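Below you'll find the structure, written out as C-alpha cells, and then a few comments.
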C-alpha cells in the first residue's frame with residue numbers, strides 16, 4: 068500500500084511537471100502573439116488623389132445642405148471633401164481585424180479599430196499619416212461586423228399638427244413647463260407663430276431609449292418629424308433601446324403633451340445620434356462626437372444640441388487642464404468651430420462642475436463661435452452646479468442661460484418629472500434658438516448667436532452706455548437670454564430706443580432715448596397672428612411720462628391699456644415717432660400664470 072502510494076505520488080509529480088511545461092508554453096505563445104483590442108485616431112497629411120470634388124458636392128452633401136450653403140453664401144471647399152478612401156483602405160490592410168468606425172472630413176482623419184499590438188507603429192510608417200493616437204484600450208474585442216442600424220426605413224415627408232383643441236389663441240398650455248419657458252420669454256415667439264416648423268435639429272447624446280414609443284413624442288412621430296437615428300458607438304445597435312439621457316434631453320425640446328409638457332420647439336424636425344459610450348470615458352467619444360457633428364452638416368441640420376462635455380478620462384495619464392480650454396486643443400472643440408463656419412449653430416451644455424474642484428466648463432463647450440449654455444432655476448438664480456467660464460483664452464462663457472435646475476421633462480417610461488443639469492438647460496435653449504432662427508431664416512448663425520448674447524440680462528448697453536456688464540465671476544456669463552428681446556434686435560436693431568423689458572404683466576414699460584430725441588408721438592398697435600398672418604387692431608395713442616433725465620439719456624414710462632380677463636395675452640407693436648422717423652418695437656402683455664384664464 069505504501070508502494071502504491073509512492074507510485075501514485077510519482078504519477079502526480081510527473082503530471083504536475085507536464086502541466087507546468089504546457090502552461091509555460093501557452094504563456095510564451097500568448098506573449099508572442101497577444102492581441103489587445105483598441106481604437107486609434109489617425110490624422111492624414113492631405114487629401115491628394117481623392118475621388119471627390121467641390122464641383123460635385125452632391126456626392127457628400129444632401130440637397131438641403133447644399134441649398135443652405137448657397138442661401139448663406141458659404142463656399143464648399145477642400146475641407147468639406149471626405150477623406151481619401153484609398154488612405155482608409157491602406158490603414159485597414161494592416162490588420163485583418165481592423166474596422167473603420169468613423170472618419171472626419173474637417174480634421175482629415177479616421178478612427179480605426181484593430182487587434183494588432185503594434186498597430187500604432189505600423190500606421191505611423193505609412194507616408195500619408197501625420198499622427199496616430201490610441202483613443203481607447205478596450206476590455207474585450209468588438210463583435211463581428213454587422214449591418215449598421217437604419218431608422219427610419221421610409222422617407223415620408225414631415226407634416227405639422229395644429230389641433231384646435233390643444234392650441235387655442237396660438238397659445239400653448241405648457242403644463243409643468245409653463246414657468247421654465249417664461250424665464251426666457253420663448254413663449255412669445257410661439258405666440259408670434261414660431262414653433263420650429265421647417266427647422267432641422269441634430270441631438271448628439273448617449274442614447275434615446277423609447278423615443279419611438281412614449282407619448283410625449285407621439286405627434287413628433289405621427290408628423291414624420293423624427294427623421295433619423297444613428298449610432299456612432301456601436302453602429303449595429305438601435306440607439307433607441309438603451310440609455311435614458313438623450314430621451315430626457317429631447318423631451319425638453321420636442322415634447323408635445325398640452326396640459327402636461329410642451330417643449331421649447333414642439334414642431335421642430337429631429338435627427339438623433341448616439342456618440343457617448345456609457346461603458347467608459349475616453350477620447351474616442353470626442354471623435355464619435357465629431358462624426359455626429361459632420362453627419363448633421365451633411366444632412367443640412369441648422370441647429371445641433373450637445374448635452375455632453377469632456378474634462379477627465381479613464382486614461383489618467385493624459386488629463387485635461389484649464390489651460391487646454393482654448394477651443395483649439397480638443398478635436399471636438401476644433402470641429403465645432405469649423406462647423407460654425409459652415410453654417411451650423413451649436414448649443415452645448417456648460418457642464419455640471421460648478422460646485423466641484425474642477426469648477427470650469429469642458430470641451431467642446433470651450434469652442435469658438437458656439438453657444439455654451441449655463442443653468443438657472445425658475446427664480447433666475449444660477450444653479451449651484453453650473454460650470455464657470457471664462458475660457459483659458461479669456462472668452463466670456465456661458466453665452467446664455469436657461470432653466471436647468473428642477474427642469475420638468477419626460478423619462479423613457481413617459482413619467483413627467485424634474486431633473487438637474489446643464490444637460491437640460493442646453494436643449495431648453497436650443498429649441499428656442501430653432502424658433503428664433505425660423506423667424507429670421509435669412510440671418511446667419513453668427514447673427515443669431517450675437518443677438519442671443521446681446522439679449523442676455525448680464526449684457527446690456529445703449530448708445531455706448533454700459534448698463535449691465537457681462538459676468539466673469541459668478542457663472543452667468545452673458546446671462547439669461549430674453550428671446551423676445553433677441554427677436555427685436557434682429558427685427559429692428561437697438562438704435563434710438565432702448566427697452567428694459569419686452570414683456571409685462573401690468574402693461575407698464577420703461578423706455579430710454581438719447582436726451583433730445585423726445586418722441587413726438589407713441590402709438591401702440593395691438594395685433595395677433597392667425598394662421599401665420601399678422602392681423603392688426605386699432606392703433607392707440609399713448610401718453611408718455613418722463614421719469615428720469617440724466618447723463619445724456621431720458622427714461623420714459625409707457626402704460627398700455629389694461630388686459631381683458633378674456634384674453635391670456637396681447638401683443639403690441641409700439642411705434643415711436645421721433646424727428647420724422649418711426650422706431651418700432653414688439654412687446655407683450657400677459658397675465659401672471661396663476662391668474663391666467
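In the working numbering, the protein residues as written are 68 to 664. Each residue gets a CB set at the ideal place from its N, CA and C atoms; glycine is no exception. All figures in this text were calculated on a predicted structure; none of them were measured in a lab.
Determine, using beta carbons only, whether residue 362 and residue 338 come nearer to each other than 9 Å. yes
Could you tell me which residues DSSP pairs with residue 672 in its beta bridges? As displayed, the chain neither begins before 68 nor continues past 664, which places residue 672 out of reach and without an answer.
query: So what does residue 636 bridge to, in DSSP terms?
result: 657
In chain order, what residues of the same chain have a beta carbon less than 7 Å from the beta carbon of residue 386, not counting five sequence neighbours either side?
379, 380
Margin query: Quick check: what's the CA-CA separation for residue 557 versus residue 550?
Written below: 10 Å
Next item on the list: Quick one: measure Cβ to Cβ for residue 464 and residue 417, integer angstroms, because I've assumed they're closer than 8 Å.
Entry: 7 Å
Task: Residues of its chain near residue 117, where Cβ-Cβ distance is below 6 Å and the 5 sequence neighbours each way are ignored - done: 148, 151
**Asked** Taking the C-alpha atoms as reference points, what is the distance between residue 172 and residue 146?
**Response** 6 Å
Notebook entry, point to check: CB-CB under 7 Å to residue 617, same chain, minus the five flanking residues each way: which ones, in chain order?
Noted result: none
> Which parts of the region 273-304 are runs of the alpha helix (DSSP H), unbroken and 4 residues or longer, counting only runs that do not cross its ends?
Replying inline: 285-289
My assumption, with CB atoms under 8 Å, is that residue 293 sits in contact with residue 299. Please give the rounded CB distance.
Incorrect: roughly 18 Å between the Cβ atoms, too far for contact.
| task | Spatial neighbours of residue 624 within its chain, please: CB distance less than 7 Å, with the 5 preceding and 5 following residues excluded, ordered by chain position. | result | 575, 577, 612, 614
- request: Determine the burial state of residue 500: buried for a count of at least 16 other Cβ atoms within 10 Å of its Cβ, exposed for fewer.
  value: buried
Worksheet entry | Start and end residues, beta strand (DSSP E) containing residue 203 | 196-204
Using the Cβ count rule (16 or more neighbours within 10 Å means buried), how would you classify residue 163? exposed
Do you know offhand how far residue 94's Cα is from residue 107's? Caution applies to residue 94, whose pLDDT of 39 falls short of 50 and renders its modelled position unreliable; the value that the coordinates give is listed next. The alpha-carbon atoms of residue 94 and residue 107 are separated by roughly 27 Å.
- Query: Looking at the structure shown, is residue 334 part of a helix, part of a strand, or coil, going by DSSP?
  - Reply: coil
> Does the beta-carbon distance from residue 516 to residue 437 come in below 9 Å?
Replying inline: yes
| request: Report yes if the CB atom of residue 246 is closer than 9 Å to the CB atom of residue 638, and no otherwise. | output: no
Span of the beta strand (DSSP E) around residue 475: 474-477
Taking its Cβ as the centre, do 16 or more other Cβ atoms sit within 10 Å of residue 480, making it buried, or is it exposed?
exposed
For residue 426, collect the residues of the same chain with a Cβ closer than 8 Å to its Cβ; drop the 5 residues on either side in sequence, then sort them by chain order. 420, 454, 455
- Task: Within the same chain, show all residues whose beta-carbon is closer than 6 Å to that of residue 506, passing over the 5 residues directly before and after it, in chain order.
- Result: 261
Quick check: the Cα distance between residue 599 and residue 408, rounded to an integer number of angstroms? 32 Å
>> Here's the rule I'm using: 16 or more other beta-carbon atoms within 10 Å means buried, otherwise exposed. How should residue 97 be labelled?
In response: Note that residue 97 has pLDDT 38, beneath the 50 cutoff, so the model's placement of it is unreliable and the number below is only indicative. Under this definition residue 97 is an exposed residue.
Next on the checklist: At the level of alpha carbons, what is the spacing between residue 157 and residue 204?
Outcome noted: 22 Å
TODO: Output yes or no for whether 9 Å exceeds the beta carbon distance between residue 470 and residue 252.
DONE: no
- Item | Simplified DSSP assignment, three categories, for residue 623 | strand
Query raised in the report: Per DSSP, what kind of secondary structure is residue 143 in: helix, strand or coil?
Result: coil
Rounded distance between the beta-carbons of residue 358 and residue 399, thought under 8 Å = So it is not a contact: roughly 10 Å between Cβ atoms.
*In terms of alpha-carbon separation, which member of 605, 492, 504, 555 lies closest to residue 521?*
555
So, is residue 90 buried or exposed, given that buried needs 16 or more other C-beta atoms within 10 angstroms?
-> Reliability fails at residue 90, whose pLDDT of 41 lies under 50, so the model's placement of it is uncertain and the value that follows must be treated cautiously. Its Cβ having fewer than 16 others within 10 Å, residue 90 is exposed.
For residue 593, the nearest candidate out of 620, 641, 563, 619 (CA to CA):
641
* Taking the continuous beta strand (DSSP E) assigned at residue 611, which residues delimit it? -> 611-617
Just to confirm, is the Cβ distance from residue 244 to residue 328 under 9 Å?
yes
Could you check where the alpha helix (DSSP H) with residue 591 kicks off and where it finishes? No alpha helix (DSSP H) holds residue 591; the beta strand (DSSP E) holding it covers 588-597.
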